[in-house]
Amino acid sequence: MNAAITSELQSLVGPRNVLSSPEDLAMYEYDGSVDRARPEIVVFPSNTTEVSQIVKLAVKHDIPIVGRGAGTGLSGGALARGGGIMIAFGRMNRILEIDLENRRAVVQPGVVNFDLTRAVEPDGFYFAPDPSSQKSCTIGGNVSENSGGPHTLAYGVTTNHVTGLELVLPDGEIKRIGGKLGDALGYDLCGLLVGSEGTLALVTEITARLSRKPEAVKTLLAIYETVDDATETVTEMTARAITPAACEMMDGWTLCAVEDYVHAGFPRDCGAILLIEVEGLVEAVASQSAGIAEVCKAHNAREVRTAKDDKERELLWKGRKTAFGALGRLAPSNYVLDAVIPRSKLPQALRRVLQIGEECALKIGNIFHAGDGNLHPLVLFDPRDRSQFEKAVRASEEIVRYCVEIGGALTGEHGVGMEKSELMTLMFSDADFALMRRVHQQFNPTGLLNPGKVFPIGKGCGETRIRTSPIHSPVPS
Amino acid sequence: MSSALTSSVASRFENIVGNEFVRTEREALERYGVDCVVPAVAVQPLNAEQAAEIVKIAVQEKLSLIASGARTSLGIGMPPSRYDVALDMTRVRGVAHYDPGDLTISVNAGTPLAELAKILAEKNQFLPLATPFFGTATVGGAIAAGLDSPLRHFYGTARDFMIGAEFVDGTGAQAKSGGRVVKNVTGYDFHKLLNGSLGTLAVITRVNFRTFPLQPSRRGFLASFADETGALGFAKQIAESPLTPAVLEVLSPEFAELFLEEKSPVASLRLDVEAWTVCVGFEANAEVCERYRRDLSRLARTAAARDAIAVHDSQFSSLLEILREAPAAMSQLAAQSVVLRFVTLPGKLPDLVRALQSFASSSWMSSAILIRSGSIVYLVLLPRDGDETADKQAVYFWKSVGSLRGQMEFQASILFCPSDWKAELDVWAHADGTIDLGQRVKKAFDPNGTFARGRFVGDM
Chain A
1 MNAAITSELQ SLVGPRNVLS SPEDLAMYEY DGSVDRARPE IVVFPSNTTE
51 VSQIVKLAVK HDIPIVGRGA GTGLSGGALA RGGGIMIAFG RMNRILEIDL
101 ENRRAVVQPG VVNFDLTRAV EPDGFYFAPD PSSQKSCTIG GNVSENSGGP
151 HTLAYGVTTN HVTGLELVLP DGEIKRIGGK LGDALGYDLC GLLVGSEGTL
201 ALVTEITARL SRKPEAVKTL LAIYETVDDA TETVTEMTAR AITPAACEMM
251 DGWTLCAVED YVHAGFPRDC GAILLIEVEG LVEAVASQSA GIAEVCKAHN
301 AREVRTAKDD KERELLWKGR KTAFGALGRL APSNYVLDAV IPRSKLPQAL
351 RRVLQIGEEC ALKIGNIFHA GDGNLHPLVL FDPRDRSQFE KAVRASEEIV
401 RYCVEIGGAL TGEHGVGMEK SELMTLMFSD ADFALMRRVH QQFNPTGLLN
451 PGKVFPIGKG CGETRIRTSP IHSPVPS
Chain B
478 MSSALTSSVA SRFENIVGNE FVRTEREALE RYGVDCVVPA VAVQPLNAEQ
528 AAEIVKIAVQ EKLSLIASGA RTSLGIGMPP SRYDVALDMT RVRGVAHYDP
578 GDLTISVNAG TPLAELAKIL AEKNQFLPLA TPFFGTATVG GAIAAGLDSP
628 LRHFYGTARD FMIGAEFVDG TGAQAKSGGR VVKNVTGYDF HKLLNGSLGT
678 LAVITRVNFR TFPLQPSRRG FLASFADETG ALGFAKQIAE SPLTPAVLEV
728 LSPEFAELFL EEKSPVASLR LDVEAWTVCV GFEANAEVCE RYRRDLSRLA
778 RTAAARDAIA VHDSQFSSLL EILREAPAAM SQLAAQSVVL RFVTLPGKLP
828 DLVRALQSFA SSSWMSSAIL IRSGSIVYLV LLPRDGDETA DKQAVYFWKS
878 VGSLRGQMEF QASILFCPSD WKAELDVWAH ADGTIDLGQR VKKAFDPNGT
928 FARGRFVGDM
């Protein structure tokens, strides 16, 4: 970055809030994904006006801009693919208003997801989207990626919990869309902006919905000898209209690694487990969990345990939420996929994933949101072994293709970002892209905001995705 | 549109859809009128491909097109500034894909809601899109009109369970967004924009939904209160309790009088003349329903309800139908009915309702109010028969609503009113909307302005 621009940025936000040395910038070339891209400068604004001024400066000098929260994303959404200025929202981390009467909170984008829940928890409320990274990821990042989490099965993803946004457009103009009102008149611009992966505007303030904590929660652990029995259980639960708040699956092999890591009491000798949570009125929780236990047993569950207290419940969830970290210890590198399939096809999809692993002689772990068909196959490999690396690329692409072929989608919650931009052609036609580009053009005509994301840029499938990175353990939700 | 152009366009349409599906005679065209603006030609495609071809011709000839389903809600919005082609989507119907085991369905836009409900019921499922004109309205029309449902208290609006859509954009291209799975963040969520857009962005050809299991029982509980303060207080207590009812509505005494008629199956639910009624609906098994009844009875006693009763399944279904149809039924009460819709925050609701009542009582019109889910107010103004000043009173009322806007947070629109009043009555006058960003979206979707302008917020 040239010295004049650096000094302009320093005078905008103060010298302490600008990073430009190579050592500092190296910290910002990663997110939770396997991609890397180094910004030329990182700026930490403290308010919307500063964001707008930075954007105007960038436009004047034709410099790309990318927004960043905590950098926990898993698709490269917050990486500076075009170099340029990274606007990091770490200092814009204030909860501006909590309005319990109307169940809304107004927050800056750098507020950590779980901090909002912590702030309203004593009054019996919480912020529903719960990515595994919720103790570090920011709400601004959640809005950009439309993040999910285990409990989105019952409560929806981020878009269902956002009613208003303040935006800085790629020309520096400040705009508000929506507000505290649930369904404001006019086009649903919040619906468009949430999940647009930072390609249409920078989000500088969020009005979020707060949810009331349920009266009762019960967590069940169902243990199976085979993966098939576990997936058949999920399919039948859906068909029988049992709607838990969360329904997660882990295969037996990954469970051993998790148990070594968290000591949550998971069995070491099973084929798979389901971690199922039901919430609501005491009576509803009792009847739902009885129904669930019945389906589990009908599908040969060896045992159905109920967490006896909050402590045991939290430990089981800790096991689930840190599972990817635990698996990271088993191989020099890994690659976590995120794809969705119709829940009725869960058994066949899991069989196919395991088969692909066998064909490529690679270990693939499966820890995922079974209840909404959101798979996260984790491919383990050694990047120093060229043939393993190539097989990992092939296996990953084959799994994603298969998921789309059977009626699924490329990404359920991690976003397209850099990771899947080339795979977008599996789902979208030229006409779909033409419309996406026209919308993109209307909001981001210079293309300076978050370039190289969402849209294919013409590199080969998979080619840019898995690289010979150092040991790396992403933590998906 | 000149008659030469009309006949040339009609003949091109005929080549696409066949002679019997193109109409140019006045009598047929009047049925497609939007706020008394009548098109020059009406065409009924069989599928999305034909719809796309028709839009392409409209683009080439610089015509203005309005897509419609059963034409039940075309009166929402302002009159179109121009309207040449009526694109009747009712032949584009049927289920494209239904995976009951995944609780997802993909349905063509012209499918009637009632037909969809029957298909889902066979698998013990339903869609919480219980919107007005349910017996005739189509899926695509319901999405474009964006009307809400009494079930929104628990299930939200279409935005919350619509998982994808296919449509023809303003260039005549067939595009899509979302998909057929319940969780999906691939690409821009264009289908959310279509919801409530009155067809100004695209012609909806297919919609994908997540469906929901029918619960063993759907029951209700009614409590009556001396005034709106008591009723709203009770509704607030329910919202703050652990209960999560599917329906939470508050009926003004006038609403109860108009809609819980003496001879209807719900007549016995009319608890108390002059009273405000809170109507709660819940779905669950018998044990959980009993818990609702118990808790609600207790809360009603504490809130000093005048009267309270439990409502069983079949009677509750009738009541739910009345609530579902309310906005439409309000508009049909009289030739000059004006139905207004307000969106506010639970905390602002009592003040807003009191202000609206005071405006209504100082006019010569009678009124009735339905409050939905603690944040939506439907109000109907009913001028006296033969009152020649009715339109002026409505304009005055609408201006008074505007005067409240600095004092409390809400948005308002006129949902239905006589078409010829719209010259004086801007139905969107009290809508915020970020107009210029909306216009950017419009420009991207419909670069040539083919989908009739003038009807939506911001003249779009």
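One line per chain: the protein sequences are A and B, in this order.
Under this note's numbering, residues 1 to 477 are what the first sequence spells out, in order.
Under this note's numbering, residues 478 to 937 are what the second sequence spells out, in order.
We treat Cβ as the ideally placed atom computed from N, Cα and C, and that holds for glycine.
Computed from a predicted structure; not experimentally measured.
*Just reading off the alpha helix (DSSP H) that residue 440 of chain A is part of, what are its end residues?*
Where residue 440 of chain A is concerned, the enclosing alpha helix (DSSP H) starts and stops at 430–443.
*Whether residue 890 of chain B touches residue 905 of chain B by CB criterion (8 Å)*: Taking 8 Å as the Cβ cut-off, residue 890 of chain B and residue 905 of chain B qualify as a contacting pair.
*Excluding sequence positions up to five away, which residues of its chain have a Cβ less than 7 Å from the Cβ of residue 535 of chain B?*
Taken in chain order, the residues that qualify are 542, 562, 927.
*Other residues of its chain near residue 391 of chain A: CB distance less than 6 Å, five sequence neighbours each side excluded*: Around residue 391 of chain A: 360, 362.
*Residues near residue 558 of chain A by beta carbon distance below 7 Å, same chain, minus five either side*: Because chain A in this structure spans residues 1 to 477, residue 558 of chain A falls outside the shown range and cannot be described.
_Output needed in chain order: residues of the stretch 93–123 of chain A with a Cβ under 9 Å from some Cβ in chain B._
Residues passing the 9 Å Cβ filter: 99, 101, 102, 103, 104.
*Locate the beta strand (DSSP E) running through residue 753 of chain B, then write down its first and last residues.*
First-last of the beta strand (DSSP E) with residue 753 of chain B: 753–761.
*For the stretch 209–230 of chain A, which residues have a CB atom closer than 8 Å to at least one CB atom of chain B, in sequence order?*
Result list: 212, 214, 215.
*Which chain B residues are close to residue 372 of chain A, counting only those with a beta carbon under 9 Å from its beta carbon?*
Chain-ordered, the chain B residues with CB closer than 9 Å to the CB of residue 372 of chain A read 658, 659, 660.
*By the criterion of Cβ-Cβ separation under 8 Å, what are the contact partners of residue 368 of chain A in chain B?*
Within chain B, no residue comes near residue 368 of chain A; the closest Cβ sits about 11 Å away, beyond 8 Å.
*Starting from the N-terminal side, write out each stretch of the beta strand (DSSP E) that is 3 residues or longer and does not extend beyond the stretch 774–841 of chain B.*
With a minimum length of 3 residues, the unbroken runs of beta strand (DSSP E) contained wholly in the stretch 774–841 of chain B fall at 784–788, 815–821.
*Nearest CA to the CA of residue 36 of chain A: which residue from A:65, A:12, A:77?*
The residue with the shortest Cα to Cα distance from residue 36 of chain A is A:77.
*Residues, ordered as in the chain, of the stretch 38–57 of chain A that lie near chain C by beta-carbon distance below 9 Å*: Absent here is chain C; the protein component of the structure consists of chains A and B.
*asked:* Please report the straight-line C-alpha distance between residue 434 of chain B and residue 218 of chain A, rounded to a whole angstrom.
replied: Absent from the structure is residue 434 of chain B, since the part of chain B shown begins at 478 and ends at 937.
*Under 8 Å between C-beta atoms, does residue 171 of chain A make it to chain B?*
No - not a single Cβ of chain B is within 8 Å of the one on residue 171 of chain A.
*Within this structure, are the beta carbons of residue 919 of chain B and residue 677 of chain B separated by less than 8 Å?*
Yes. Within cutoff.
*asked:* Using a 10 Å radius around the Cβ and a threshold of 16 neighbouring Cβ atoms, would you call residue 866 of chain B buried or exposed?
replied: Of the other Cβ atoms in all chains shown, fewer than 16 fall within 10 Å of the Cβ of residue 866 of chain B; this residue is therefore exposed.
*Under 8 Å Cβ to Cβ from residue 556 of chain B, same chain only, skipping five residues before and after it: list those, please.*
Same-chain partners within the cutoff: 511, 512, 513, 514, 896, 899, 931, 932.
*Status (buried if at least 16 other CB within 10 Å, exposed otherwise) for residue 122 of chain A*: Burial call: exposed.
*residue 246 of chain A CB to nearest chain B CB: under 8 Å?*
Any Cβ of chain B closer than 8 Å to the Cβ of residue 246 of chain A would place that residue at the interface, and such an atom is absent.
_residue 307 of chain A - containing alpha helix (DSSP H), residue span_ = Run containing residue 307 of chain A: none; DSSP gives neither H nor E here.
*asked:* Please state whether the Cβ-Cβ distance between residue 67 of chain A and residue 202 of chain A is less than 8 Å.
replied: Contact: yes.
*Going by beta carbon distance, what residues of the same chain come within less than 8 Å of residue 497 of chain B, once the five residues before and after it are set aside?*
Nothing listed; no residue qualifies.
*Scan the stretch 588–649 of chain B and note each continuous beta strand (DSSP E) run of 3 residues or more that stays entirely inside, going in chain order.*
Uninterrupted beta strand (DSSP E) stretches at least 3 residues long and entirely within the stretch 588–649 of chain B occur at 639–646, given in chain order.
*For the alpha helix (DSSP H) holding residue 869 of chain B, just list the boundary residues, first then last.*
First-last of the alpha helix (DSSP H) with residue 869 of chain B: 867–880.
_Cβ-based contacts, 9 Å cut-off: residues of the stretch 753–765 of chain B near chain A_ = Sequence-ordered contacts of the stretch 753–765 of chain B with chain A read 761, 762, 764, 765 [C-beta pairs closer than 9 Å].
*asked:* Our contact map puts residue 549 of chain B next to residue 610 of chain B with C-beta atoms below 8 Å; I'd like the distance itself, whole angstroms only.
replied: Residue 549 of chain B to residue 610 of chain B, Cβ: 4 Å. Contact.
_DSSP beta-bridge partners of residue 563 of chain B_ = Paired residues: B:519, B:543.
*So, using beta-carbon positions, are residue 452 of chain A and residue 418 of chain A closer together than 8 Å?*
Yes, these two residues count as a Cβ contact at 8 Å.
*asked:* Using 8 Å for Cβ pairs, my map puts residue 709 of chain B next to residue 727 of chain B. What's the rounded Cβ distance?
replied: Rounded, the Cβ-Cβ distance is 6 Å, consistent with contact.
*Start and end of the alpha helix (DSSP H) containing residue 297 of chain A?*
Unbroken alpha helix (DSSP H) run through residue 297 of chain A: 282–298.
*Between the stretch 337–367 of chain A and chain B, which residues of the former have CB atoms less than 8 Å from a CB of the latter, in chain order?*
For the stretch 337–367 of chain A, which is checked against every Cβ of chain B, the residues closer than 8 Å are 340, 341, 342, 343, 344, 345.
*residue 99 of chain A bridges to which residues according to DSSP?*
In DSSP, residue 99 of chain A forms a bridge with A:104.
*Leaving out five residues before and five after residue 685 of chain B in sequence, what residues of the same chain have Cβ atoms less than 6 Å from its Cβ?*
Answer for residue 685 of chain B: 583, 640, 641, 657, listed in chain order.
_Own chain residues within Cβ distance below 8 Å of residue 769 of chain B, not counting five before or after_ = Within the same chain, residue 769 of chain B has close Cβ partners 696, 698, 720, 722, 757, 759, 761.
*Considering only the beta carbon of each residue, do residue 336 of chain A and residue 324 of chain A sit closer than 8 Å?*
If you check the CB distance, residue 336 of chain A and residue 324 of chain A come in under 8 Å.
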